[in-house]
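Residue numbers (my numbering), protein chains in the order written: chain A, 11 to 296; chain B, 682 to 841.
Laid out in structure tokens, this is it:
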């Protein structure tokens with residue numbers, strides 16, 4: 011399969027990339043790791059006239075850990091998976107990333123590319139929602155920051171404006187009393203999430219004082235689970251409390267159904283994987 | 682057309698390519714290195730795995746223009762001085778293939794795996810080769826072949 015012809019640009023700076031993006035508007039697509047865009051172009055689901063390859067922009071790459079974590083948009087999954095400081099500051103990142111695709115996909119795929127694409131079955135949207143991350147973008151009107159909770163607007167749709175490029179993702183390191191986990195039911199061939207649940211829990215004096223849960227794969231976009239979170243806060247996080255809270259998973263969400271898993275099955279798996287993620291998150295928070 | 686210069690298996694090539702040319706087609710059709718196979722063409726099967734700057738990638742999901750200036754290793758570049766790479770030897774000794782279609786990608790992926798983890802357990806090998814599909818062997822002998830190579834490479838290193 012061969013993509014439709016396009017003009018190729020490989021700018022050396024973010025400013026140059028933004029200018030190109032503004033010049034070419036809707037005709038242009040940004041190429042990061044290419045593991046969503048190139049397959050779509052090969053299937054002719056996407057036929058951009060202009061491809062702006064941002065891989066030479068080294069300022070977009072790298073991980074900084076210093077109380078908070080900052081991951082450059084162009085950082086590959088492999089770099090995230092293998093970063094020792096990040097593994098200490100926020101172990102759920104490596105846990106979730108090691109379940110994305112396979113080694114070769116992780117060697118090319120980038121965190122910013124995945125978030126911008128907003129595939130409903132991608133793993134990272136659930137993780138950034140559970141970590142209450144912020145997504146930093148740069149555009150024709152300068153930089154701005156979007157909370158993960160405001161970022162995913164619909165299937166394959168985000169709060170990114172035309173002409174904007176994601177530059178980095180930030181979130182807090184996990185401290186004492188905090189735990190997070192990701193539990194995933196992968197499609198056996200593609201490894202995309204049929205259902206993925208990310209959970210964050212904070213425990214103080216034996217009580218759950220904060221909780222964030224997000225589900226990906228099940229619906230058109232990754233979503234927080236406020237009913238689950240509210241049900242768990244104030245409990246001591248025992249297995250019964252977790253099971254009771256997880257029973258609310260998927261409430262109010264539209265479910266996707268396909269040949270791999272029906273809507274009912276996905277709804278049932280939301281509860282199962284939410285429970286598994288919460289059990290691990292609470293154990294790690296203790 | 683864009684001009685690229687790449688080093689493939691130690692040989693420098695300068696080529697005129699269309700931006701839409703995929704790396705796998707460049708290797709197979711421009712350089713006649715047909716050891717790299719095209720299987721699914723949808724980034725799942727791993728038959729097209731090669732190393733770009735020392736890292737394993739699916740060459741059906743990368744553009745040739747993105748490899749300008751890169752060092753590429755394909756299955757043809759793995760044997761050194763007429764001596765099979767321990768992984769190639771392992772696939773031979775342990776019968777890690779039947780039809781052989783997946784083998785070049787399987788070996789290139791396993792080479793990257795052993796670089797990250799020189800002594801992988803059976804489970805780690807299976808997880809590490811998740812991106813490579815084989816429809817013949819049931820993977821048993823592939824896992825044995827990678828273990829064989831890991832042990833041989835450890836022995837070679839100890840002997841040095």
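Here a beta-carbon is modelled for each residue, glycine too, at the ideal position from N, C-alpha and C.
Worksheet item: Along the chain, where does the alpha helix (DSSP H) that runs through residue 829 of chain B open and close?
Response: 821 to 840
Fill in: Closer than 9 angstroms to chain A by CB, residue 833 of chain B
no
Practice prompt. Would you decide whether residue 63 of chain A is buried or exposed? Buried here means 16 or more other CB atoms lie within 10 Å of its CB.
Written response: buried
Fill in: C-beta atoms of residue 750 of chain B and residue 685 of chain B nearer than 9 angstroms
yes
Fill in: Per DSSP, cross-strand counterpart(s) of residue 772 of chain B
For residue 772 of chain B, which the question treats as bridged, DSSP gives no partner whatsoever.
Worksheet item: Looking at the C-beta of residue 790 of chain B, does it have a partner C-beta in chain A at a distance below 9 angstroms?
Response: yes
Discussion item. Run through chain B and tell me which residues come within less than 7 angstroms of residue 114 of chain A, C-beta to C-beta.
Written reply: 727, 730, 737, 738, 739, 790 and 812
Item to complete: Pick out the complete beta strand (DSSP E) segments inside the region 69 to 134 of chain A, 3 residues or longer, and give them in chain order.
Response: 73 to 76 and 78 to 82
Worksheet item: Between which two residues does the alpha helix (DSSP H) carrying residue 161 of chain A extend?
Response: 158 to 161
Item to complete: Please check the pair residue 743 of chain B and residue 704 of chain B, which I expect to be a contact at CB under 8 angstroms, by giving their CB distance rounded to whole angstroms.
Response: 5 angstroms
Worksheet item: Is any beta-carbon of chain B found at less than 9 angstroms from that of residue 16 of chain A?
Response: yes
Practice prompt. State yes or no: is the C-beta of residue 120 of chain A within less than 9 angstroms of the C-beta of residue 85 of chain A?
Written response: yes
Practice prompt. Can you have a look at residue 87 of chain A and say buried or exposed, based on whether 16 or more other CB atoms are within 10 angstroms of its CB?
Written response: buried
Worksheet item: In chain order, what residues of the same chain lie with their CB nearer than 8 angstroms to the CB of residue 833 of chain B, ignoring the 5 residues before and after it?
Response: 767, 770 and 771
Discussion item. I'd like to know if the region 199 to 213 of chain A and the region 157 to 166 of chain A are in contact, where contact means that at least 3 CB-CB pairs between them fall below 8 angstroms.
Written reply: no
Worksheet item: Given a threshold of 16 other Cβ atoms within 10 Å of its Cβ, counted over all protein chains shown, does residue 54 of chain A qualify as buried or as exposed?
Response: exposed
Fill in: 3-residue-minimum beta strand (DSSP E) runs that sit fully inside the region 720 to 769 of chain B, ordered along the chain
730 to 733, 736 to 739 and 752 to 754
Practice prompt. Quick one: list the residues of chain B neighbouring residue 63 of chain A, beta-carbon separation under 7 angstroms, in chain order.
Written response: 747
Worksheet item: Using a C-beta cutoff of 9 angstroms, does residue 809 of chain B count as contacting chain A?
Response: yes
Practice prompt. Answer with yes or no whether the minimum CB distance from residue 143 of chain A to chain B is below 9 angstroms.
Written response: no
Worksheet entry | Candidates A:182, A:112 and A:209, of which the one nearest residue 135 of chain A by Cα | A:209
Worksheet item: Who are residue 178 of chain A's beta bridge partners in DSSP?
Response: A:82 and A:146
Discussion item. So that I know if they touch, is there some Cβ in chain A lying closer than 9 angstroms to that of residue 802 of chain B?
Written reply: no
Worksheet item: With DSSP run on the structure shown, which of helix, strand or coil describes residue 40 of chain A?
Response: strand
Worksheet item: If you compare alpha carbons, which of B:748, B:720, B:841 and B:711 is closest to residue 787 of chain B?
Response: B:720
Worksheet item: For the putative contact between residue 69 of chain A and residue 24 of chain A, defined by C-beta atoms under 8 angstroms, what is the C-beta separation to the nearest angstrom?
Response: 6 angstroms
Worksheet entry | Identified DSSP bridge partners for residue 689 of chain B | B:692 and B:753
Discussion item. Give me the residue from B:730, B:702, B:718 and B:683 with the minimum Cα distance to residue 13 of chain A.
Written reply: B:702
Discussion item. Rounded to whole angstroms, what is the Cα-Cα separation between residue 271 of chain A and residue 32 of chain A?
Written reply: 41 angstroms
Practice prompt. Pick out whichever of A:218, A:214, A:197 and A:141 has its Cα sitting closest to the Cα of residue 131 of chain A.
Written response: A:197
Discussion item. For residue 29 of chain A and residue 745 of chain B, I'd like the C-alpha separation in whole angstroms.
Written reply: 25 angstroms
Worksheet item: Of all the residues that make up the region 118 to 132 of chain A, which are near chain B by a beta-carbon distance shorter than 7 angstroms?
Response: 118
Discussion item. Cβ closer than 8 angstroms: which chain B residues qualify as neighbours of residue 72 of chain A?
Written reply: What residue 72 of chain A touches in chain B: nothing, since even the nearest Cβ is about 17 angstroms away.
Worksheet item: From residue 18 of chain A to residue 60 of chain A, what distance separates their C-alpha atoms?
Response: 6 angstroms
Item to complete: Taking all protein chains shown into account, decide if residue 734 of chain B is buried (16 or more other Cβ within 10 angstroms of its Cβ) or exposed.
Response: exposed
Item to complete: Under 7 angstroms between beta-carbons, which chain A residues line up against residue 787 of chain B? List them in chain order, please.
Response: Those do not exist, as residue 787 of chain B stays about 12 angstroms from chain A at its closest Cβ, beyond 7 angstroms.
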